[in-house]
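Step one of this worksheet: look at the structure below.
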Amino acid sequence: MRASRVSHTSVMLLAWTVALVVFFPIAWTVLTSFKTESSAIDASAMLHFQPTLSSYSEVFDRAQYVDYAINSLIVSVGATLLVAILAVPCAYSMAFHPARSTRGLLLWMLSTKMLPPVGVLMPMYILFRSMGLLDTRIGLILMDTLMNLPLAVWMLFTFFKEIPRDILEAGRMDGARVTDEIRHLLLPLALPGLASTSLLSLIFCWNEAFWSLTLTSSSAAPLAAFIASFSSPEGLFFAKLSAASTLAFAPILVLGWLGQRRLVRGLTFGAVK
Amino acid sequence: MTSRHRASLLWTPAVILLAAGSIIPLLMTLWFSAQHYNLVTPDLTGFAGFENYRLLIGDPAFWASLRNTLVLVGSVLLVTIVLGVALAVLFNQDFPGRNITRLLVIAPFFIMPTVSALIWKNLLMHPVYGVFGIVARDLGGTAVDWFADHPMVSLIMILSWEWLPFSSLILLTALQSLDQEQLEAARMDGAGAMARFVWITLPHLRRAVSVVIMMETIFLLAVFAEIFVTTSGGPGTATTNLAYLIYGRALLQFDIGGAAAGGVIAIILANIVAALLARTMATQLEA
Amino acid sequence: MATLQLQNVCKRYGAVDVIRDLSLDIADGEFIVFVGPSGCGKSTLIRMIAGLEEINSGALLIEGQRMNEVGPADRGLAMVFQSYALYPHMSVRENMSFALRLARVPRAERDRKVAEVARILHLEPHLDHKPGQLSGGQRQRVAIGRAIVRNPRIFLFDEPLSNLDAALRGQMRGELARLHEEIDATMIYVTHDQVEAMTMADRIVVLQAGRIEQVGTPLEIYRHPVNLFVAGFMGSPPMNQLPGQIVDCSNAGVRVELAGHVAVAIAATSRAVKMNDAVILGVRPEGLRLDPAGSLAGTIHLVERLGSISLIHVDLDQGSRVIAQVGATEDVRSRQRVTLTIEPVHCHVFDQTGRALMSLS
Chain A
1 MRASRVSHTS VMLLAWTVAL VVFFPIAWTV LTSFKTESSA IDASAMLHFQ
51 PTLSSYSEVF DRAQYVDYAI NSLIVSVGAT LLVAILAVPC AYSMAFHPAR
101 STRGLLLWML STKMLPPVGV LMPMYILFRS MGLLDTRIGL ILMDTLMNLP
151 LAVWMLFTFF KEIPRDILEA GRMDGARVTD EIRHLLLPLA LPGLASTSLL
201 SLIFCWNEAF WSLTLTSSSA APLAAFIASF SSPEGLFFAK LSAASTLAFA
251 PILVLGWLGQ RRLVRGLTFG AVK
Chain B
1 MTSRHRASLL WTPAVILLAA GSIIPLLMTL WFSAQHYNLV TPDLTGFAGF
51 ENYRLLIGDP AFWASLRNTL VLVGSVLLVT IVLGVALAVL FNQDFPGRNI
101 TRLLVIAPFF IMPTVSALIW KNLLMHPVYG VFGIVARDLG GTAVDWFADH
151 PMVSLIMILS WEWLPFSSLI LLTALQSLDQ EQLEAARMDG AGAMARFVWI
201 TLPHLRRAVS VVIMMETIFL LAVFAEIFVT TSGGPGTATT NLAYLIYGRA
251 LLQFDIGGAA AGGVIAIILA NIVAALLART MATQLEA
Chain C
1 MATLQLQNVC KRYGAVDVIR DLSLDIADGE FIVFVGPSGC GKSTLIRMIA
51 GLEEINSGAL LIEGQRMNEV GPADRGLAMV FQSYALYPHM SVRENMSFAL
101 RLARVPRAER DRKVAEVARI LHLEPHLDHK PGQLSGGQRQ RVAIGRAIVR
151 NPRIFLFDEP LSNLDAALRG QMRGELARLH EEIDATMIYV THDQVEAMTM
201 ADRIVVLQAG RIEQVGTPLE IYRHPVNLFV AGFMGSPPMN QLPGQIVDCS
251 NAGVRVELAG HVAVAIAATS RAVKMNDAVI LGVRPEGLRL DPAGSLAGTI
301 HLVERLGSIS LIHVDLDQGS RVIAQVGATE DVRSRQRVTL TIEPVHCHVF
351 DQTGRALMSL S
């Protein structure tokens, strides 16, 4: 059986090589974030350097990282909550009280997600300006909600459909009204599905990089916009970029890693489980 | 039964919000595209008919952007599907550290587009200070000035890196649902590894591959942030895709009518893909 | 008084009539069983009674009050589902007290009721377990307990025993019967198993294709089936059906001649038939006797020895195949030639439409 052992080892080597290659840019960024600006661009100090947190403190002090981070946090969490509040009843009624229009509605919701944001850039900009929503967190929460609602409804729909119908019927016989059904039976049983839906929604909101760049300028700008400011920087900035980037992606990376097994269903609108 | 009737209407808040947020802007875009509306020439107003479209179609930059869009989408699709299938097959094997390598491979998906783009442009691809350049010089060659000489290829690399985890994850999940017994039966029938792959594995993945293609196309058609922070569509119009062109018309040139016309075209393009995707999804609804 | 009435009830799914113009009166305290083959509408019927399906036309009255528009929880009913439908994330105690919690019954009273029911059903050691930790029979009892706690006027059972193995089923049948005596409530029970129907029911409702074929006590249904369907469905092994012809009608009864010139005189009303009409003679296995002087000759092709009796499957010379019941000690073997006699008192005659001729006795 030597042949299989050789192929077994080569599979492992290949897989690890691929994984490390793919992960390399991220690892390199984290590494660079612990350098000073001068050592960041010093070819000879690529791997041998004195680790320091100076770049991080620069990002915090001079670049007001915290303000942007708070914006990202408020917008992401706010939009995720709003999406949950709207999507749960919607998916509930579609899963358990379907009507003739249900199928059409679900497909229509899917189609709104297909809309390229740039196609409605102008109207959104003008609408936001006239409603005073430009450069506000509420405005961005609204946009992110619109973008994530179809995905959330679809994901929750497929999760709810997996709950056996007669458990809810038994609840109805026991005297549960609709609100009781949702609160005592549906949510506890669909909690894992709800969690992964919210997680995906959170990730997409945090990483959203179209409306964040076009509809905000200073006060509501989230981290995506903050990082974008490094595209036309002054002076040496590699280490600061690395530090800012690491701070920006670290929380989402960790969350994504924790929930990655359950995300596939949402990413494909339930087409692949 | 009245509470049951009320329950069947619980979808109204979500649907109304979504409808307002999509139909109204859509109608406005349509409206603007037929208007003379350019903040640079504010005195020229009124119905313009198809003029904006005519101007757009007559503009070589528009066709360049269309071509760039298709090149971008097509190349990234090709790379991510081919490599995605390969990675899925690779990571479907059992080997020590399987779970950790899986985490490493899906990491790029969770990185913000602006961060990805800037990391690649500066830390990796920068001809002087980037890792690629340093390694090239160490090996005795010269550094490639990626964004100056090969801007499109650079973008394709970045986008492929961002989307490879998505495609591998989906394809890996689909692969794991492949019944082992089918493969064993084929083996008993005398099929070698390559034959088993071509005749059993690939057909099984067909549905997942089409889902990946559809989903990626939708998002890739609208690529914006990466271009915004790296090339700003340049040099010239070398990396301007349709989305960036419209953005430029709208927020940089203030040609709202023209931007709207471009937007309508982008929407039509996306709708074609959406119709195909919806048909796949509709079969899912039967299940 | 927990009486229930169905008046001309209909149910349609799209273009298909699932329940057609069905009327039924159920008395207080009865144990009534709906039985019939798959697709006969029995589950739909009980779900309509429960309020989980809408009644398209006709009325449902409980204790004289119309319940069509009343929600499931307000009809005073409780249902035990085929799959038990226990709440998987709640303990047994919480499962049984859920309805009381929703009705805002104070905690002390809730606990008292749950404890009482747990005692009756021997569930006390499991009160803090989750359904996933229990066996099938225990889950069954929790489902029943959940229904009892609500103190309903009428209990509904939707094929509750079909998910249990045979031994457990027998045991649970007895327990349900015992429960009925103790609680003395009206119980409506749905099953496809006619043995369950026969052993448990005060009255049986035999359903087919959305219509009631017959309502009666188990013995009535067994001894006097009104048509071929009921005759063939109820009773195991099924009734033997032999085609024949009327050769004599009179006030004393009819005379039926079977293939092979075997004639039987049966005391049944001759009003619905006339001379030479084609009929079916029905006789249960216990109505056929081994008789060396018998008129039906044939060859045994299978013997089933059940211990207390034996069943012989005989290929008759005249063409039909019958099952006869014989004593356990009879010496019968496969491929043996035998002759059988039909006991007229155990016979039923069915006319061309399948309706039974009424017995004159």
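Residue numbers (our numbering), protein chains in the order written: chain A, 1 to 273; chain B, 1 to 287; chain C, 1 to 361. We put the CB at the ideal spot given by N, CA and C, even for glycine. Being a predicted model, the structure only gives us computed values, none of them experimental.
In the DSSP assignment, P25 (chain B) falls within the alpha helix (DSSP H) that extends over T12 to S33. With distances taken between CA atoms, H348 (chain C) lies nearest to C:R223 out of C:S23, C:R223 and C:V80.
Counting C-beta pairs with one atom in each stretch, the segment 22-37 of chain A and the segment 48-62 of chain A have three or more that are closer than 8 angstroms, which means they touch. Counting the other Cβ atoms within 10 Å of the Cβ of P60 (chain B) gives fewer than 16, which makes it exposed. The residues Q214 and A356, in chain order, have a CB closer than 6 angstroms to that of V226 (chain C) in the same chain once the five nearest residues on each side in sequence are set aside. The Cβ neighbour count for Q140 (chain C), taken over all protein chains shown within 10 Å, is at least 16; the residue is labelled buried.
Burial check for F226 (chain A): the Cβ neighbour count within 10 Å reaches 16 or more, so the residue is buried. Excluding the 5 residues flanking it on each side, N68 (chain C) has same chain C-beta neighbours closer than 7 angstroms at I55, A59 and L60, in chain order.
Residue ranges of uninterrupted beta strand (DSSP E) with 3 or more members, entirely inside the segment 119-177 of chain C and ordered along the chain, are 154-158.
Listed along chain A are T112, L115, V120 and L146, each with a C-beta nearer than 8 angstroms to that of S22 (chain B). The Cβ neighbour count for K274 (chain C), taken over all protein chains shown within 10 Å, is under 16; the residue is labelled exposed. Bridge partners of M79 (chain C) according to DSSP: C:L156.
Interface annotation, P235 (chain B): not in contact with chain A, CB-CB separation never under 8 angstroms. Under a criterion of Cβ atoms nearer than 7 angstroms, no residue of chain B is adjacent to M173 (chain A); the nearest Cβ is some 14 angstroms distant. Pairing G119 (chain A) with T29 (chain B), the inter-Cα distance amounts to about 7 angstroms. With at least 16 other beta carbons inside 10 angstroms of its own, Q260 (chain A) counts as buried.
Scanning the segment 84-134 of chain A for uninterrupted alpha helix (DSSP H) segments of 4 residues or longer gives 100-114 and 121-130, listed from N- to C-terminal end.
Flagged as an interface residue toward chain A: H89 (chain C), by a C-beta distance shorter than 8 angstroms. Listed along chain A, the residues sitting closer than 8 angstroms to F81 (chain C) by beta-carbon distance are D166, E169 and A170.
For A176 (chain A), the nearest CB of chain C lies under 8 angstroms from its own CB, placing it at the interface with that chain.
In this structure, the CA atom of F197 (chain B) is about 27 angstroms from the CA atom of L263 (chain A).
Looking at the backbone, the Cα of R129 (chain A) and that of V16 (chain C) are separated by about 57 angstroms. Using a Cβ distance threshold of 8 angstroms, L102 (chain C) and G175 (chain A) count as a contacting pair. Residue-level contact by beta carbon fails for L81 (chain A) and chain C, as no gap is shorter than 8 angstroms. Sorting B:T217, B:V229, B:I272 and B:F132 by C-alpha distance to the C-alpha of V79 (chain B) places B:T217 at the top.
DSSP places P243 (chain C) inside the beta strand (DSSP E), whose first and last residues are N240 to S250. At a cut-off of 8 angstroms between beta-carbon atoms, L127 (chain C) makes no contact with chain A. Considering only beta carbons, no part of the segment 159-172 of chain C lies closer than 9 angstroms to chain A. Residue nearest to L55 (chain B) within the set B:A261, B:L171, B:N271 and B:A275 is B:A261 (criterion: CA-CA distance). Contact between L276 (chain B) and M214 (chain B) holds: their C-beta atoms lie close to 6 angstroms from each other, under 8 angstroms. Short of 6 angstroms from the beta carbon of P127 (chain B), and not among the five residues preceding or following it, lie these beta carbons of its own chain, in chain order: G133, A143 and D145. In the three-state DSSP reduction, L178 (chain B) falls in the coil class, being neither helix nor strand.
C-alpha of A250 (chain A) to C-alpha of F81 (chain C): approximately 49 angstroms in a straight line. Counting the other Cβ atoms within 10 Å of the Cβ of R284 (chain C) gives 16 or more, which makes it buried.
Cβ atoms of G145 (chain C) and M172 (chain C) stay farther apart than 8 angstroms, at about 13 angstroms. As DSSP reads the structure, L258 (chain C) sits in a beta bridge with C:G244 and C:V262.
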